[in-house]
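J.: Residue numbers (my numbering), protein chains in the order written: chain A, 1 to 604; chain B, 605 to 1208.
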C-alpha cells in the first residue's frame, strides 16, 4: 500500500546516537514484515476490484481477470526491478518527495508531496474499509455497520499513535507470516481441489449492463492496479536495514515481488476456474478462502488475520504521514505546527490531521471499498513516475558504469507507470479520480502560499542577520487588581521584582466600591501607587486596554502582570481565571504591552 | 410566559445615570407590550393543551373545556390581585429569586433560582415549538420540518442576542396591538357567526381511550395552567415604568388580566360551541382563526402574527436568563464566567447556555408542544408560590394598615398556586414533570457546590484581610530563543528592562546547530549570557521546563519571556506562535514562573 514508510528513515536515528548499532536494524525477512505489509495486503482488494468492474458485462467475462492480472504482474516486475535500482542509488531512502527535491526541482517535489499526502489518507481509508468488509465476511451481523467498524478501528489506531507506541518489526513478523501462509494456502489448496469446498454469501442477480469492450478492460486493469500500491515502501525505508543494507533491501523487494505476483496470479486463476462473482455480504477473498478451506475454523482465522493485516497496513500511514508533514513543515511548506512534538516523540497534529481526513473520507463514501478504489492509485502512480523520472535524470547526469541500460529500465518503468496512470485517470475520472485532480493542485497551492508567508516572515524577523544590540530602557509594570488581598500582595511582590515602576490599576463601576478600595489600600500602604479607573458602562476590559495603550509608546517597556488563580483540582478550573484570560487575550490583540501571567496556586 | 423580564431591572439604570429621566420609561400601554407578550401569547397553546387532554375521552367531552377555563380564569384573577400587591411592596421589582433572598432565606432563594432557570429554558422551547406549529398551520409544507423551523428561529434569536440588539418597547407595540386585535377579533367574529366560516386541517379519527373522570379533568386543568405563565413578569419589571410607577404597573397588570381572561373564556366558548377537536397539521388556534375569518388573508396574517409574537416571547428569556445568571454569578452561586461581559453589554456565556439548553430540549421532544407542556408550569407555579409566601411573611412582619386583609389575599393565592402546582406535578409526573423534579434539585446542588468552592477560594486568597506588605526581591528573566535575529533583539530589550538578570536559553538537538548559534551569538555580543540546553530526544518543551524549574525556588522572582510573532492577517495566525503557546501552557501548568508573552507584530 502507498508509501507506507516513506519517511520513517528519520526514526532510527535516535537509537544510533545512543550507539546501539545494528541489532535494531532489519534483516531481509524482518524488512518484509516492517515495510511490505501494505503492499501484500493489497491482495485483499486488488482482485476484487477487477471482478467488480468485469461483472458489469456478465459472469462470462470473469475469465478476463486472468489476462488482466498477467499484465498487472508484468508491471509489477518492471516496478520491482526499477525499485531495486532506486535502492542502490538512494541508500538513504527518502521517498518520492526527497528524490524529487534532490533531482527534479521544487515544483515536482511539491507534486510528489501532494500525491503522497493524498495517498496516505487513501491508504488508511481503503485498508480500514477492506478490513471491515473482511471482518463482516466472517461475522455477517457486522455487515450493516461497516462504517461504524471502520471508525472504531480508526479511533483505536489514532489513540495508539497519539500515545506513540513504537511498533517493532518483530511484533509484525507473526501476522505477516500468518498472512503469507494463509494467502498461499488459499492458492495451493484451491488449485488442488477440483471444485470449491464451500460457497459463502448470498447470490447477486447479475444483469449485464455493458459489453466486454476495450474500455471495460482498461477500467478493470486500472482498478486492479490498486494491488500495486506499496511496492515503493521498501525503497523509502532502506536506512532501516542491517548492513549490507542495499543488498538486504533489494532481496526484500524481490521477495515482495515474487510473493505478490504469485498470490495475484493464483487468485486470478481460481477466480476464472470457479467463476467467482461478487456475492452479498462477503468479499471475493472470503469466497476464495471458503473455496480452499471450507467454512471451518481456517475460514474464520483467515478473515481475522486479513482484518488484522489491513489494520496494520493502515497503521503504516500513521508512521509515514506525520513524519512527511513534519519534513514539509521544516521546509516551510506546511504550518510549523506539524513539526511540533510536545513531550512524547509524536507529531500529534499530523496524526490528528490524518485521522480527521480519513474519517471524513470514510463517511463520505460510506466505508465502501469500491467507491474508494477510483480515487486510489492515481496518486501512487504519480509517485512511481516521479521516482523513475528522477532516477533516469540521475543516470543521465552521473553516467556511471552501465548507466544507459539502467536508464532504459527506469525509463521503461516511467513510461509504463505514466501510461497506467493515464489509463487510471481517464477511466476513473468521473468515478472519483477528478477529486484527486482537484486535491493535489490545491495542496500544491497551499504549500506554495505557506512557503511564501514564511519567506516574508523570515525577512521581517531578520532571521540570519546580526541585529543591533538590545537597548536598555526603563520599565513600567501595570497590575490590574480588584481588591486588597493575599493575591494582591503576591502580585505586587512579583511586579516590584520585575518593574522599575509599578502601578496597581483597578477598574470600578460604582463610586462606593472605589472609595472602599482606596481606604483599604491606604490602610495596607504597600508602597505602590493605586489608580482607579472609572467604568460607567461596567466593562472591565475596555478601560484597562485604554489605560495600557496610553502608557505604551512612551519609550518605556510596559508589562501588564495578571494574577491567575489556579485551583489544584481541574474540575474547578472553569470557576476561576476567566476574567484574567479574557483580559490577557484582549491586551495581546490590541496593545504592544508584554502580558505576564502570574500563577497563584490554591490548595483546593 | 415565565418570568420573562425578571431581572431586566438592571438594564434601565444606565440611562438614569446619564440623566435622561422618564422618557425612556414605560407608560401602562407600553408596559403591556414590553412585559406581557409572554403571558398573552400563552393563548396560542393553553386552550390547545386542554383540548388535547380531553379528546382522550372522545369529542363529547370537549364541552368540559369551558368550566375548566372558568376555574383557570378564577385562578388568574387571584394571581392578578396578588401581583398588584407584590408591585406595591416590591417597587424595585426583582423576581422570585430577589424576593426569596430578602424574605425567605438562602435555601428557598436557591429553589426559586433553579425553578426560574428551568422555566426560562422551557419558555424558549415551548414558544418556539408553538410558533413553528402556528407557521405550519398556514404553510403546510413546513409541518414535517417543525424541529428545523424551531432551530432556525433559535439560531436567529441567539445571534441577535449575542450582538446585543436592545429591544425597545416601542418596537414591540405594533405586534402586541396586532396580536390583541386579531385574538379579540377571533372571539368576537366567532361569536357573531352562527357556525365556523371555514374548517382547516385533516380530521383525526378519535378513539375514546379514557372516560371523563376526575383525573382527566385535573390533567386538563393542569395543562391549561400553562396559559397563566408570564403573569408575574410585570411585577418583576416595575422599575421600568414611568412615575407613578406602582400605579402604572398595577394598571398594566389589570389590563393583562382582563385581556387574557377574555381571550381564554371566549376561545373556550367557541371550542365548546363548534366542537373544535385537534386536527392534523393545524393548531386549535388556527382552527378558531379559520372559523372566525375564513381562510382568506386574515387567516394567514393571524398565523404570521402569532408566530412573530411567540418568537418575541421566547426572546424575553434571552433578556431574562443571562441577567439572572450574572446575578447568581455575583452571589458566587454560578461560575463567575456568567458575570463576564467583554466589550458589548451582553452576558454571552448566559446567552449561549440558554441557546444550547433550549436546543437540546427541542431536539429531545422533537419540537412537539404537547410533550413540553407537562414539563412547563411546574416551575412557574413554584415561583408563584414562593412570591406569595414571601409577601405573607412581609405583611406579618411589617404589619402595615390593612395587613391582615392583604395577608389573607396573598395567603389564598399561595394556597391556590400550591394546590394547582401539586395537581400539575402529580398528574404530569410520569409525562415529564419528573424531569423538572430532577433538574431543580440538581441545579440547587450545583449552586451550593459552586458557592462552597468560592467561599474556600476566597479564604485562601485572603480576600477582605489586609495582607503583609509586598516583598522586594531580585528577578531573573529567562528568554527562550532559537536563533540570532531581530526578534531576539526585541525580546532581549524587553527582558533587560524587566529583569535584574537576563539569560537566553536555547534548546538544541543537534551539536552543529548549537555551535553555529554560539558563534552567531558571540559575533552579535548582546551583553546577555546564552545557555544551550542539550535535547537528545528532540523535545523542545521538556528541557526548557526542567531549566525553569531549577531556577525557581531560589528566592528570586523568575519570569520566562516568550516572544510571540503576530501576523497582521488573522489567516496567518495558524502559521505562527504554536511553539510559544505550547511552551507557555506547559510552563503555566508545571512551574511557578511568571510567563510573559511579548508581542512582535508583522506587517504581513
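All residues carry an ideal CB built from backbone N, CA and C; glycine is no exception.
#1: If contact is defined by three or more beta carbon pairs under 8 Å, each pair taking one atom from either stretch, is the segment 532 to 551 of chain A in contact with the segment 1072 to 1084 of chain B?
#2: If contacts are defined as beta-carbon pairs under 8 Å, then residue 1203 of chain B and residue 592 of chain A qualify, I think. What distance do you get, rounded to the angstrom?
#3: Residue 1127 of chain B CB to nearest chain A CB: under 8 Å?
#4: Would a C-beta distance cut-off of 8 Å place residue 358 of chain A and residue 121 of chain A closer than the cut-off?
#5: Pick helix, strand or coil for residue 31 of chain A, following the three-state DSSP scheme.
#6: Runs of 4 residues minimum, wholly inside the segment 350 to 401 of chain A: which ones carry the alpha helix (DSSP H) assignment?
#7: Helix, strand or coil, according to DSSP, for residue 1161 of chain B in the structure here?
#8: Taking a cut of 8 Å between CB atoms, which residues from the segment 1068 to 1079 of chain B lie near chain A?
#9: Using a beta-carbon distance cut-off of less than 7 Å, what residues from the segment 222 to 243 of chain A approach chain B?
#10: Quick check on residue 1196 of chain B - is its C-beta less than 8 Å from some C-beta in chain A?
#11: Classify residue 600 of chain A as helix, strand or coil using the three-state DSSP reduction.
#12: What did DSSP end up calling residue 884 of chain B once you bin it into helix, strand or coil?
#13: For a contact defined as C-beta to C-beta under 8 Å, what are the partners of residue 1087 of chain B on chain A?
#14: Looking only at its chain, what residues have a beta carbon closer than 6 Å to the beta carbon of residue 856 of chain B, apart from the 5 residues adjacent to it on each side?
#15: With a threshold of 7 Å on Cβ separation, who are the neighbours of residue 86 of chain A within its own chain once the five nearest residues in sequence on each side are excluded?
#16: One question on the structure: do residue 266 of chain A and residue 187 of chain A come within less than 8 Å of each other, judged by their Cβ atoms?
#17: Within the 8 Å Cβ cut-off, does residue 356 of chain A reach chain B?
#18: Residues of chain B with CB under 9 Å from residue 596 of chain A, in chain order?
#19: Could you have a look at residue 529 of chain A and say whether DSSP puts it in helix, strand or coil?
#20: With 8 Å set as the bound, which would you pick, yes or no: does the beta-carbon of residue 539 of chain A sit closer than that to a beta-carbon of chain B?
#21: Name the one or two DSSP bridge partners that residue 26 of chain A has.
#22: Among the candidates B/642, B/852, B/652, whose CA atom is the shortest distance from the CA of residue 630 of chain B?
#23: Compute the Euclidean distance between the alpha carbons of residue 147 of chain A and residue 139 of chain A, then round it to the nearest angstrom.
#24: Measuring only between beta-carbons, confirm whether residue 1208 of chain B sits less than 8 Å from chain A.
#25: When we look at the beta-carbon of residue 627 of chain A and count the other beta-carbons within 10 Å, is it buried (16 or more) or exposed?
#26: Between which residues of its own chain and residue 625 of chain B is the CB-CB distance below 7 Å, once the five residues before and five after are set aside?
#27: Using a Cβ cut-off of 8 Å (strictly closer), state whether residue 340 of chain A contacts chain B.
#28: Helix, strand or coil for residue 806 of chain B, going by three-state DSSP, please let me know.
#29: Could you check if residue 884 of chain B is buried or exposed, using at least 16 other CB atoms within 10 Å of its CB as the buried criterion?
#30: In angstroms, rounded to a whole number, what distance separates the CA positions of residue 957 of chain B and residue 944 of chain B?
#31: Could you check the C-alpha separation between residue 886 of chain B and residue 721 of chain B for me, to the nearest Å?
#32: Using only the alpha-carbon positions, how far apart do residue 66 of chain A and residue 423 of chain A sit?
#33: Within 8 Å (strictly less), CB to CB, does residue 588 of chain A reach chain B?
#34: Quick check on DSSP: helix, strand or coil for residue 504 of chain A?
#35: With DSSP as the reference, label residue 466 of chain A as helix, strand or coil.
T.: So, from the listed chains and residues:
#1: no
#2: 6 Å
#3: Interface flag for residue 1127 of chain B against chain A is set, since a Cβ pair is found closer than 8 Å.
#4: yes
#5: It is helical.
#6: 369 to 372, 378 to 398
#7: strand
#8: 1068, 1069, 1070, 1071, 1072, 1073, 1074, 1075, 1076, 1077, 1078, 1079
#9: Residues: none.
#10: yes
#11: strand
#12: Secondary structure at residue 884 of chain B: strand, using DSSP grouped into helix, strand and coil.
#13: 463, 464
#14: 632, 635, 636, 838
#15: Only 235, 387, 391 meet the Cβ criterion.
#16: Taking 8 Å as the Cβ cut-off, residue 266 of chain A and residue 187 of chain A qualify as a contacting pair.
#17: Answer no: the Cβ-Cβ gap between residue 356 of chain A and chain B never drops below 8 Å.
#18: 1102, 1163, 1165, 1198, 1199, 1200, 1201
#19: strand
#20: yes
#21: A/241
#22: B/852
#23: 15 Å
#24: yes
#25: Given that chain A is displayed from residue 1 to residue 604, the structure contains no residue 627 of chain A and the question cannot be resolved.
#26: In this prediction, residue 625 of chain B scores a pLDDT of 49, lower than 50, which makes its location untrustworthy; the coordinate-derived value is nonetheless stated afterwards. So the list is empty, once near-sequence residues are dropped.
#27: yes
#28: strand
#29: exposed
#30: Those two C-alpha atoms are separated by around 13 Å.
#31: 31 Å
#32: Approximately 19 Å between the Cα atoms of the pair.
#33: Yes, because at least one Cβ of chain B sits closer than 8 Å to the Cβ of residue 588 of chain A.
#34: strand
#35: Of the three classes helix, strand and coil, the one that applies to residue 466 of chain A here is coil, per DSSP.
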